[in-house]
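Participant: Numbering (the working numbering), first residue to last: 92 to 312.
Every residue gets a Cβ at the ideal spot worked out from N, C-alpha and C, and that includes glycine.
Right, I'll just put the structure down here and ask away after.
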Amino acid sequence: MTNIILLGPPGAGKGTQARRLVEERGMVQLSTGDMLREARTSGTEMGKKVAEVMDRGDLVTDEIVIGLIEERLAGNHGSGFIFDGFPRTLAQADALGALLGRTGRQLDAVIEMRVDDEALVDRITGRFTCGQCGEVYHDKTQPTAKEGVCDVCGSTDLRRRADDNEESLRQRLMEYYKKTSPLIGYYYALGDLFTVDGLAPIEDVAAAIDGVLKQAEAGRG
Ligand code: ADP
Ligand code: ADP
Ligand code: ZN
């Protein structure tokens, strides 16, 4: 199976596409954002430490997120991983390469989801998710069929993230440009980079990603 990274700024559509790949291909989504949000509700020491950092829009330390990924890789014996929101720094990218190598796995494709900065404010301020099944919605582009009720599981537990406001987004974008965007060059140099148009409708982005997966799988032989 295929291991991929979805790379892009906050609101690019990484989570939306990862969920589809899980459903259609049985891949395993590893979202460090989801793991960290879980940790903060668990009330552990680590959870308390990261809550403030996340709400500000800063990155959590490499040590913490690399530890989370290491745990999940050890607990999942198959492959077919979607790294969603990880790596976000060069140190994380190096650590992931080492972890994959050590466990006899490879990276097949890094998919850069390219979007306009201007589109991101709308994407982020309109986002809400189902607290039960994790489905991702948007006030304008992806509303629920029935107001207040999740289409997938029928739950009424629809939530907005504490960091999905304009001020925090500005800081998250700054972190993205300073620390994460160098990964585009890094993976290009490794020969792993593919780029899709993240501004296209969700189905078109999905089709483009399917095309990349086909190419990556063929390239591997
Ligand atoms: P988005 O979906 O908006 O890109 P995520 O859910 O991936 O956001 O991440 C939310 C927050 O969690 C980030 O702003 C950051 O504080 C923290 N975080 C998530 N993944 C990482 C990571 N790989 N390294 C450092 N911090 C992370
Ligand atoms: P990320 O995980 O990269 O932060 P999400 O998948 O959570 O991004 O998407 C951010 C918001 O944009 C969500 O409200 C989602 O419904 C919406 N969205 C995702 N992809 C598209 C798209 N191609 N066109 C329009 N809206 C989208
Ligand atoms: Zn649901």
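#1: Taking DSSP as the reference, what is the three-state secondary structure of Ser-272?
#2: Let me make sure I understand the geometry here. Which of Ile-96, Met-126, Gly-102 has the alpha-carbon closest to that of Leu-112?
#3: When DSSP builds the beta bridges, which residues end up paired with Asp-288?
#4: State yes or no: is the C-beta of Asp-230 within less than 9 Å of the C-beta of Gly-217?
#5: Determine the burial state of Arg-131: buried for a count of at least 16 other Cβ atoms within 10 Å of its Cβ, exposed for fewer.
#6: Does Val-151 come out as helix, strand or coil in the three-state DSSP assignment?
#7: Mapping the DSSP letters down to three states, classify Gln-306 as helix, strand or coil.
#8: Just the C-alpha distance for Asp-175 and Thr-271, rounded to the nearest angstrom, thanks.
#9: Can we count Val-243 as close to ligand 3, meaning its CB is less than 8 Å from some heavy atom?
#10: Of all the options Ser-246, Ala-309, Glu-308, Pro-100, which has the alpha carbon lying nearest to the alpha carbon of Glu-203?
#11: Which one of Gly-102, Thr-93, Gln-108 has the shortest CA to CA distance from Ala-298?
#12: Taking Cβ to Cβ, would you say Leu-260 is nearer than 9 Å to Thr-93?
#13: Per DSSP, which residues does Ala-200 bridge with? Please list them.
#14: What are the start and end residues of the beta strand (DSSP E) that includes Arg-218?
#15: Would you mind listing the alpha helix (DSSP H) stretches within the stretch 136-188 that are 4+ residues and don't spill past its ends, in chain order?
#16: Which residue's Cα is closest to the Cα of Met-118: Lys-139, Ser-170, Val-144?
#17: So, helix, strand or coil for Val-296, using DSSP?
#18: Would you kindly report the start and end of the unbroken alpha helix (DSSP H) that includes Gln-262?
#19: Ligand 2 heavy atoms versus the CB of Val-156: any closer than 8 Å?
Facilitator: So, to answer that:
#1: coil
#2: Ile-96
#3: Arg-205
#4: yes
#5: buried
#6: coil
#7: helix
#8: 13 Å
#9: yes
#10: Pro-100
#11: Gln-108
#12: no
#13: Ile-95
#14: 218-221
#15: 136-147, 153-166
#16: Ser-170
#17: helix
#18: 257-266
#19: no
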